[in-house]
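Worksheet for the structure shown next.
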Amino acid sequence: MNDVGVPVLRACGLCKLYGKGEGLVRAVDEVDLDVASGETVAVMGPSGCGKSTLLHLLGGLDRPSGGELWLGGERIDQLGERALARLRRDSIGFIFQAFHLMDELTAAENVELPALLAGRSARSARRRASELLERVGLADRAGHLPSALSGGQRQRVAIARALVSNPQLVLADEPTGNLDSQATMEVLRLFEDLHSSGQALVIVTHDSRIAATADRLITMRDGAFVDETRLTGGSTGTLGALAGLNGLTE
Amino acid sequence: MQQEVILAMLAKEPSHGYELRARLRQALGPLGDAMNDGQVYVTLARLEKAGLATSEQSAGRPDRPDRKVYALTAAGQQRVAGWLAEVGWPRPDLAEFHLKLIAAAAAGLGDPLAIVDTQRRELLRRLRDAQRAALGEPDGSQAGLLIEGIVLRLQADLRWLEACERTWTPHHRKDHG
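Chains as they are written, first to last, in this note's numbering: chain A, 167 to 416; chain B, 12 to 188.
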């Protein structure tokens, strides 16, 4: 656990540049970001604004051109490949739009895999996987192959897998991009749950429903953060007005 | 719509005010919390005065002060049928916001994108509230369906704001003269 006040994730002046001269593209342009334990941050913005590139930088899947990146108080932007791979495996959970499950492995095996790769015993990995499948409401689907699961169920397996190493940070790239409204609700429920269990979560998304569950919402344009807001306040009294209930109570 | 809603509920069967109140509560879930319960009785009294409903004293229960049972009159039945057939739908008021962006840009009084961002924040707060309420509803709840309607409308408005954002982003603005 981190000390109070030390952000799980910190980016300072993070940059990703492509090309040079006239063709220089600032895909990520001097981004500063702190994410605390238990905090959910959503990054929204038009296509091509750099939000996916940013997520790749934050997760150590891609190297920044400049700036600093810290995870749990440790600077990580200068780590070697092996150390970075280990860090990704142990400290960061990834959730992708296309789930990225292994088709030939069962739900439980998919969830266990990162724990086994991290050197856990088969028994302990299995126990952890079954705990997590229970938590995402799929205990009865543990032996199913991904092809036998709905989109929403696959994404829940992928979320369980992202949590298997108990990472400090979870990164999600359009996690509801391929899901219908009912499955989106299931994922929203899980994210609310993550929230209360202290994981730091950064979600890059177009989906306003998922963005609305975040504590903080960042709007990105042309590689830079242009607006940042806390989503708080309001009551169901206002909701009643949105449904046209005013006429009933007048 | 207000009076017809209560009137139409009487079409199922003659009812006490408190029964109507309970049915409203079930249909509205958390959205009904802000409703004034006394309003049902006020509305029933008005409907009776207008000849759309009649009331009868019933034996009732000693713990219930309201022993009146309300029923539809023939005129009330007709009004309900008319109301069910009516095609009314709230019109979203988008023109004002649209003109606000144009006026701000034309007069150099404000950045349309900043106005879009502010509006988006407000809509996302509402969406957050609606989703919290939706997550709190059990599967198949009547109120859940109403909340879903709110969520979908807010999503539509947020998509329109994305379109506003695209159009008012500087490199596009040139194209629009």
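Note that CB positions come from ideal geometry on N, CA and C, so glycine has one too.
Notebook entry, point to check: Can you pull the DSSP bridge partners for residue 386(A)?
Noted result: Here residue 386(A) refers to the residue found at position 220 when the first sequence is read from its first residue. Bridge partners of residue 386(A): 391(A).
Check: For the candidate residues 31(B), 135(B), 142(B), whose alpha-carbon lies nearest to that of residue 53(B)?
Finding: Position 42 of the second sequence, counted from the first residue, corresponds to residue 53(B). Per the Cα distances, 31(B).
Note to self: For a test of the three-state rule: what should DSSP assign to residue 310(A), helix, strand or coil?
What the structure shows: Here the question's residue 310(A) lines up with position 144 in the first sequence. When secondary structure is reduced to three states using DSSP, residue 310(A) falls in the coil class, being assigned neither helix nor strand.
Notebook entry, point to check: Under the DSSP definition of a beta bridge, which residues are partnered with residue 94(B)?
Noted result: Counting from 1 along the second sequence, the entry for residue 94(B) is found at position 83. According to DSSP, which records beta bridges pairwise, residue 94(B) is partnered with nothing at all.
Item checked: Listed by chain order, chain B residues near residue 393(A) by CB distance under 7 Å -> One-based indexing of the first sequence puts residue 393(A) at position 227. Within 7 Å Cβ-Cβ: 128.
Next item on the list: Would you check if the region 265 to 278 of chain A and the region 308 to 320 of chain A touch, i.e. whether three or more CB-CB distances between them fall below 8 Å?
Entry: These segments touch.
Check: If you check the beta carbons only, do residue 216(A) and residue 194(A) fall under 8 Å apart?
Finding: Locating residue 216(A) in the first sequence gives position 50, where the first residue counts as 1. Locating residue 194(A) in the first sequence gives position 28, where the first residue counts as 1. Yes.
Margin query: Quick check on the burial criterion: 16 or more other C-beta atoms within 10 angstroms. Buried or exposed for residue 18(B)?
Written below: As a position in the second sequence, residue 18(B) is number 7, starting the count at 1. Buried, by the Cβ-count rule.
Margin query: For residue 253(A) and residue 279(A), I'd like the C-alpha separation in whole angstroms.
Written below: Indexing the first sequence from 1 puts residue 253(A) at position 87. Indexing the first sequence from 1 puts residue 279(A) at position 113. Roughly 16 Å between the two C-alpha positions.
Margin query: Taking a contact to mean a Cβ-Cβ separation below 8 Å, would you say residue 366(A) touches residue 405(A) in this structure?
Written below: Position 200 of the first sequence holds residue 366(A). Position 239 of the first sequence holds residue 405(A). Residue 405(A) sits away from residue 366(A), with the two beta carbons spaced by 8 Å or more.
Item checked: For residue 14(B) and residue 58(B), believed in contact at Cβ under 8 Å, the rounded distance -> Taking the second sequence and counting its residues from 1, one reaches residue 58(B) at position 47. Taking the second sequence and counting its residues from 1, one reaches residue 14(B) at position 3. Taking C-beta atoms under 8 Å as the contact rule, residue 58(B) and residue 14(B) qualify, at a distance of about 6 Å.
Notebook entry, point to check: Quick one: Cα of residue 364(A) to Cα of residue 136(B), how far?
Noted result: Against the first sequence, residue 364(A) aligns to sequence position 198. Against the second sequence, residue 136(B) aligns to sequence position 125. If you take the alpha carbons of residue 364(A) and residue 136(B), they lie about 22 Å apart.
Next item on the list: Assign residue 127(B) to buried or exposed, taking buried as 16 or more other Cβ atoms, counted over all protein chains shown, within 10 Å of its Cβ.
Entry: Position 116 of the second sequence, counted from the first residue, corresponds to residue 127(B). Burial call: buried.
Notebook entry, point to check: Quick one: which chain B residues come within Cβ less than 8 Å of residue 371(A)?
Noted result: Here the question's residue 371(A) lines up with position 205 in the first sequence. Within 8 Å of the CB of residue 371(A), no CB atom of chain B is found; the nearest one sits about 12 Å away.
Note to self: Closest to residue 330(A) by C-alpha separation, out of 240(A), 317(A), 294(A), 263(A), would be which residue?
What the structure shows: Stepping through the first sequence from its first residue, residue 330(A) is reached at position 164. Residue 294(A) holds the alpha-carbon nearest to the alpha-carbon of residue 330(A) among 240(A), 317(A), 294(A), 263(A).
Margin query: Counting C-beta neighbours from all protein chains within 10 Å, is the total for residue 186(A) 16 or more, i.e. buried, or is it exposed?
Written below: In the first sequence, the residue the question calls residue 186(A) occupies position 20. With fewer than 16 other CB atoms across the displayed protein chains lying within 10 angstroms of its CB, residue 186(A) is exposed.
Margin query: The alpha helix (DSSP H) that contains residue 233(A), what's its start and end?
Written below: Within the first sequence, numbered from 1, the residue matching residue 233(A) stands at position 67. Where residue 233(A) is concerned, there is no enclosing alpha helix (DSSP H), although the beta strand (DSSP E) around it starts and stops at 232 to 237.
Next item on the list: Could you pull the start and end residues of the alpha helix (DSSP H) that residue 321(A) belongs to?
Entry: For this step, residue 321(A) is matched to residue 155 along the first sequence. Its alpha helix (DSSP H) spans residues 317 to 329.
Margin query: Measuring alpha carbon to alpha carbon, tell me which residue in 204(A), 184(A), 211(A) is nearest residue 176(B).
Written below: Along the second sequence, read from residue 1 onward, the residue named residue 176(B) stands at position 165. Taking only the C-alpha atoms, the option nearest residue 176(B) is 211(A).
Note to self: With a threshold of 8 Å, are at least 3 pairs of Cβ atoms found where one atom belongs to the region 339 to 352 of chain A and the other to the region 226 to 245 of chain A?
What the structure shows: Between the region 339 to 352 of chain A and the region 226 to 245 of chain A there are fewer than three inter-stretch CB-CB distances shorter than 8 Å, so the stretches are not counted as touching.
Checklist line | Cβ neighbour criterion (16 or more within 10 Å) applied to residue 321(A) | finding: The residue labelled residue 321(A) in the question sits at position 155 within the first sequence. If you draw a 10 Å sphere on the C-beta of residue 321(A), you find 16 or more other C-beta atoms in it, and that means buried.
Margin query: In this structure, how does DSSP classify residue 337(A) when only helix, strand and coil are distinguished?
Written below: Position 171 of the first sequence holds residue 337(A). Note: residue 337(A) maps to strand in three-state DSSP.
Item checked: Candidates 132(B), 38(B), 95(B): closest to residue 411(A) by CA position -> In the first sequence, the residue the question calls residue 411(A) occupies position 245. Cα-wise, what sits closest to residue 411(A) is 38(B).
Next item on the list: Could you list which residues in chain B have their beta carbon closer than 7 Å to that of residue 352(A), in chain order?
Entry: As a first step, residue 352(A) must be located in the first sequence, where it is residue number 186. Per Cβ cutoff of 7 Å: no residues; residue 352(A) is ~10 Å from chain B at best.
Item checked: Inter-residue Cα distance where the pair is residue 50(B) and residue 144(B) -> In the second sequence, residue 50(B) corresponds to position 39, counting from 1. In the second sequence, residue 144(B) corresponds to position 133, counting from 1. Pairing residue 50(B) with residue 144(B), the inter-Cα distance amounts to about 24 Å.
Next item on the list: Could you list which residues in chain B have their beta carbon closer than 7 Å to that of residue 374(A), in chain order?
Entry: Looking up residue 374(A) in the first sequence gives position 208. For residue 374(A), the neighbours in chain B by C-beta distance under 7 Å run, in chain order, 135, 138, 166, 169.
Check: What's the gap between the Cα of residue 183(B) and the Cα of residue 162(B)?
Finding: Against the second sequence, residue 183(B) aligns to sequence position 172. Against the second sequence, residue 162(B) aligns to sequence position 151. Because the pLDDT of residue 183(B) is 48, which lies under 50, any placement of that residue in the model is unreliable, and the number read from its coordinates should be weighed accordingly. A straight line joining the alpha-carbon of residue 183(B) with that of residue 162(B) spans about 30 Å.
Margin query: Can you list, in chain order, the residues of its chain with a C-beta nearer than 7 Å to that of residue 356(A)? Leave out the 5 residues immediately preceding and following it.
Written below: In the first sequence, counting from the first residue as 1, residue 356(A) sits at position 190. Closer than 7 Å at Cβ, skipping near neighbours: 302, 322, 325.
Next item on the list: Report yes if the CB atom of residue 370(A) is closer than 8 Å to the CB atom of residue 340(A), and no otherwise.
Entry: What you label residue 370(A) is simply residue 204 of the first sequence in a count that begins at 1. What you label residue 340(A) is simply residue 174 of the first sequence in a count that begins at 1. The criterion of a C-beta distance shorter than 8 Å is satisfied by residue 370(A) and residue 340(A).
Next item on the list: Sort 372(A), 394(A), 388(A) by Cα distance to residue 381(A) and report the nearest one.
Entry: If you number the first sequence from 1, residue 381(A) lands on position 215. Looking at the Cα atoms, 394(A) is the closest of the given residues.
Notebook entry, point to check: Any idea which residues DSSP pairs residue 350(A) with across the strands?
Noted result: Residue numbering aside, residue 350(A) sits at position 184 when the first sequence is read from its first letter. Secondary-structure assignment with DSSP links residue 350(A) through no beta bridge to anything.
Item checked: Spatial neighbours of residue 89(B) in its chain, beta-carbon cut-off 7 Å, leaving aside the 5 residues before and after -> As a first step, residue 89(B) is located in the second sequence; it is residue number 78 there, counting from the start. If you ignore the 5 residues before and after residue 89(B), its C-beta comes within less than 7 Å of no other C-beta in its own chain.
Notebook entry, point to check: Can you give the Cα-Cα distance for residue 407(A) and residue 157(B), rounded to whole angstroms?
Noted result: Locating residue 407(A) in the first sequence gives position 241, where the first residue counts as 1. Locating residue 157(B) in the second sequence gives position 146, where the first residue counts as 1. Spanning the two alpha carbons is a distance of roughly 12 Å.
Notebook entry, point to check: For residue 212(A) and chain B, any beta-carbon pair shorter than 8 Å?
Noted result: Here residue 212(A) refers to the residue found at position 46 when the first sequence is read from its first residue. Yes, residue 212(A) lies at the interface with chain B (some Cβ there is under 8 Å from its Cβ).
Margin query: According to DSSP, simplified to helix, strand and coil, what is residue 266(A)?
Written below: In the first sequence, the residue the question calls residue 266(A) occupies position 100. Three-state DSSP puts residue 266(A) in coil, outside helix and strand.
Margin query: In whole angstroms, give me the CA-to-CA distance for residue 204(A) and residue 397(A).
Written below: Counted from its first residue, the first sequence places residue 204(A) at position 38. Counted from its first residue, the first sequence places residue 397(A) at position 231. The alpha-carbon atoms of residue 204(A) and residue 397(A) are separated by roughly 15 Å.
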